[in-house]
Amino acid sequence: MEKFKPLSKEPVAQREGKISEYWDKIDLLHESVKTREGHEKYVFYEGPPTANGKPGIHHVIARTLKDLTCRYKTMKGFKVNRKAGWDTHGLPVEIEVEKKLGLHNKQDIEKYGIEEFNKKCRNSVFEYEKEWRELTKRMAYLVDLDNPYITLDNNYIESVWNILDKMYKDGLIYEGHKILPYCPRCGTGLASHEVAQGYQLDKVETVYVKFKLSDKDEYFLVWTTTPWTLASNVALTVNPNVDYVKVKSNGEIYYLADALKDKVLKEEYEVLETMKGKDLEYVKYDQLLPFIKPDKNAFFVTCADYVTTEDGTGVVHTAPAFGEDDYNTGRRYDLPFIKPVDEEGKYTETPWKGKFVIDADPDVIKYLIENDLLYRKQKLEHNYPHCWRCGTPLIYYAHPSWYIEVTKFKEKLIENNNGVNWFPEFVGEKRFGNWLENLNDWAISRSRYWGTPLPIYRCQCGHIESVGSRKELAEKAIEDIDENIELHRPYVDNVHLKCPKCGKPMTREKDVVDVWFDSGAMPFAQWHYPFEHKEDFDQLFPADFICEGIDQTRGWFYSLIAISTYLTGKSPYKNVLVNDLILDKFGKKMSKSKGNTVNPFELFDNYGADVVRWYLIYVSPPWTPTKFDEDGLREVESKFFRTIRNIYNFFSLYANTDDIDPREFEIDLKDRDLIDRWLISRYESLVKTVNEDMDRFELTKVVREIQDFVIEDFSNWYIRRNRRRFWKTDVDNDKKAVYKTTYEVLLGIVKLIAPIVPFISEELYKSLTNGKSVHLEDYPKVEEEKIDRALEEKMALVIKIVELGRASREDAKIKIRQALKEVVLDGELKNKIGNLRELIEEELNVKEVKFEDDLSKFMDYELKPNFKVAGSILGKKIKDFQNFLRDVDAKEFINSLRKDLQKIDLGGEKTDIKEDYVLVNIKSKPGFDVTMENNQFVILDTELTPELIEEGYVREFISKIQQMRKAKDFEVLDNISIIYSADEEIQKAVEKYDDFIKTETLAKEIKYGKGEEEVDLNGHEAFISIEKNIAD
């Protein structure tokens, strides 16, 4: 009976599917939590996705980061609950429903009916839940989808109401008429953190306009990027402390800032007068576009410090309805408020009534030209904010809205953010930190339909109050309702309260709440706090870890910390891991229109979820943009996954053949071979660095460290070097030691990679242990006593020598199977290499490793200054340095430099010389080939004697036979017979090394006869056949 089962050869999607079914069978999610019952908790918050859109590759990277962190912490002994969440409100949902129903604006929605519209929204929010569940399962994201928090749930909304009620009663929620970035398409204002997400480069036609002074033929020159706002102009604004000039140009007289006259005026001019901006205050001018009569004094010059001379003319067009600064200036000067624009962004007055204002820009410009009011036009490309949901250009205008006065606790927000561990740090310090420094109050209300209703009620008498629970609503309601009322529009719209001031009905404000408030309330609302979980909330808050994309910096990350800072005074999270965008392989943003998106399900089918997960972390740190290239997936699959499977296949094949089970015996470390102790030391060093890097979220370092160890140290060096120990027939302690070492390290690696690649780690774990699940195991902890730094350094030196020796063979065009007489190394290395000389001889296929103190017998040195490094440092002394290097004993000087910097006389001055000031060029002497790296020399004796050539033929002969064994799919221990024909030179070599060939190939006999397969043996034609022995 096989002790170690073979790995599945099914397609990867089937393999992973069966493992996923096994996890469902053992209920791995709940087992992961149950087995850590009573342990310290590690709190994780899942940022809620919206299930009315399909999941994409960008969701895979974020969920991989979340999943591997939760799995890692579970294996480290923490109890990690993983509650899923769904974001179900807001514009993305409404827009999708509008498209399906053929609705185009708010009027269409209200005509259709809010109740029916919101029912459609509710039904649509889980339209793609099946795909999300499928993605979650396929990629092995271990999260509780059966008990999620859902933002549309009554309990969730009630908790949100509770927070808003507290804020209102604490005087933090106020109604204002601030200038608000407003989306006419969606019919709602946007908070500043939403505006930041929608900037696009736009090409616009800007205009320099002539405003005529009231009592003379003179003009103020004014520049604007928004011609459509000119209809609402009521003032011009200058900086009181800036110098302005009155100039004559092309027969007309203009006023503008002195510093900008050369930039603005395109023809010759004469300065007639200079004045300060304050001297122009209250100067009257004629209304530019005389379509709307103001109800107050208007059309005069005002002063404000915000006017600059960086661009424009230094004279600013002021329309209080369409700009924050303008609005404030209007209040100071009691200017009229002209707002001829409706909620759809269309003119309500002017000759362009009914036209979208931005589309009316050409009409306004045409009017200016026809009335000689345009000085000149200028095309400009600038960053302009668009709605992050629908892409419509935003309009800044005064709009009634409810605000949370977050600026009242801004300093506490900054303090809390400074206590968070951000990965990477610069996101928290710069991007988020700088944004908090410039924080504005949060526009909390949205004039929409599908969302958490604002729990604020108003009476005609002016009295306003808020409601904080269903119980309070039912108690105060005039209508007969109970606590089961659906907390959405229009149901709550139909509930009225009795005004405690005048006794008349109070009506709810029609707005709904910003969806970011919904998701930001999740630390509390997911547990229906404070209506439930009051006793154990300290066990559920704050989060030890959250992870989302960089775009959430001013979204979810902000709404979380704003709400939690108000409610608890604390940050809601301790550690934040941020991932950046996934781009195509050329660094372009992925989009359907460009045809450069990738389907995660197809990737899972073709490569497996493990490969995708590993690649996304391997290719670049998560917080930098990931250039996604499918060739990289193939490379990772080939190099890492194939290698680790091959190690297991090799181990299990021989362990089953030898009937050896390393689980049944122990071999003390001190009794194992040097190379065993080296591998275990390297493994323990890896465990140490991986644990440290995992705790720092240096995940790219982790996967690269593990991959490098598995490929280079474990497979290419240890397994390859020890094949003979597996092959030999005697089951002695040496053979047991190689099995034990391979088993221990392979199982350890399986546990190390388990959080990152759950499927292959489970398959290997089950094959190695028959245990329940690797994901219920403890994560490997370093055993420091097994680390031997000196041995690791020694082996690293040997490996480097072997690499250089092989490079030298390539340079000399001598195959590795061709034996050579000797390799010569620097005498200084003799004690360092010690008893590993034999290893170098085998690896480089040389008869002897020789150590020489004087390497000049084998090569010529030439030393030159490294001008790139030393040129700027030594300056004029560089020529003296060049002469010094030409005359000095090269080897002695280089050896001295390796130990310490050297002081030499250059131009009569003692000068420090470092190793990197010098370039060493070497030239091999005849019969040798020299390779050097970092002043480490490997010298091959390349002279081939007849005996060496003969041995080269034999090794080629053996190599061809081994290839034929593999091609014929012979078992490892199958004995064979060899039949060959070749020329006399080859025949002589084969006969001489008959026993050696038989041992290496498991051949019982070698016969000279008619071989079938033609092969080339170092330039000699031969024919070889092999047959499995019948006796076998």
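Just add 28 to wherever you are in the sequence shown, counting from 1, and you've got the working numbering.
A virtual CB, placed ideally from N, CA and C, is assigned to each residue, including glycine.
- For Asp633, same chain residues with a beta-carbon under 6 Å away, outside a window of 5 residues either side, are Ala41 in chain order.
- Taken through DSSP and simplified to helix, strand or coil, Pro974 comes out as helix.
- For Asn269, the closest C-alpha among the options Val275, Val262, Asn278 and Asp286 is that of Asp286.
- Taking a cut-off of 8 Å for Cβ pairs, the stretch 252 to 270 and the stretch 331 to 341 touch, as three or more such pairs fall below it.
- DSSP places Val958 in the strand class (E or B) of the three-state scheme.
- With respect to the 8 Å criterion, Asp521 and Lys499 are not classified as neighbours on the basis of their beta carbons.
- Taking C-beta atoms as the reference points, Cys575 and Leu605 count as a pair closer than 8 Å.
- With fewer than three CB-CB distances shorter than 8 Å, the stretch 746 to 760 does not count as touching the stretch 592 to 602.
- When DSSP reads this structure, Val966 sits in a beta bridge with Leu853 and Thr959.
- Annotation: the continuous beta strand (DSSP E) that includes His410 extends over Leu402 to Pro413.
- The beta-bridge partner set that DSSP reports for Met303 consists of Tyr272.
- Secondary structure note for Pro551: its alpha helix (DSSP H) is the uninterrupted segment Met550 to Ala553.
- Going by C-alpha positions, Leu644 is about 27 Å away from Ser547.
- For Phe559, DSSP records no beta bridge to any residue.
- Annotation for Leu408: Val232 and Thr234 place their beta carbon closer than 6 Å to its own, counting only its chain and skipping 5 residues before and after.
- Taking 8 Å as the cut-off, the beta carbon of Ala502 is found no closer than this to the beta carbon of Val188.
- Proximity to Asp469 across Ile492, Lys37, Ser429 and Pro212 peaks at Ser429, based on C-alpha coordinates.
- Between Ala259 and Lys276, the alpha-carbon positions lie close to 28 Å from each other.
- In the pairwise beta carbon analysis, the stretch 795 to 803 is classified as not touching the stretch 717 to 733: fewer than three pairs are separated by under 8 Å.
- Taking each of Met303, Thr625, Tyr361 and Ala349 in turn and checking the Cα distance to Asn325, the smallest one comes out for Tyr361.
- Asp564 counts as exposed, since fewer than 16 other C-beta atoms from the protein chains shown sit within 10 angstroms of its C-beta.
- For Trp706, same chain residues with a beta-carbon under 7 Å away, outside a window of 5 residues either side, are Leu819, Glu820 and Met823 in chain order.
- In its chain, beyond the 5 residues on either side, no residue has a beta carbon closer than 6 Å to the beta carbon of Asp760.
- Here His58 is exposed. Its C-beta has fewer than 16 other C-beta atoms within 10 Å.
- For His87, the uninterrupted alpha helix (DSSP H) run begins and ends at Ile85 to Met103, by DSSP.
- Between Leu714 and Phe737, the C-beta gap is smaller than 8 Å, which places the two residues in contact.
- Rounded to whole angstroms, the gap between the alpha carbons of Asp888 and Ile950 is 6 Å.
- Tyr310 carries a coil assignment under DSSP once its states are collapsed to helix, strand and coil.
- One Cα belongs to Glu811, the other to Glu1028, and the distance between them is close to 38 Å.
- Between Asp230 and Asp136, the alpha-carbon positions lie close to 30 Å from each other.
- Looking at Ala112, Asn445, Ile1006 and Gly899, the one whose alpha-carbon comes closest to that of Trp160 is Ala112.
- Fewer than three beta-carbon pairs drawn from the stretch 962 to 980 and the stretch 900 to 912 are found closer than 8 Å, and the two stretches are therefore not classed as touching.
- In this structure, the alpha-carbon of Pro77 lies about 56 Å from that of Asn894.
- Restricting attention to beta strand (DSSP E) runs no shorter than 3 residues, the stretch 344 to 425 encloses them at 402 to 413, ordered along the chain.
- Across the set Trp544, Trp251, Lys907 and Ile842, the C-alpha of Trp544 shows the shortest separation from the C-alpha of Gly118.
- Beta-bridge annotation (DSSP): Asp230 is paired with His410.
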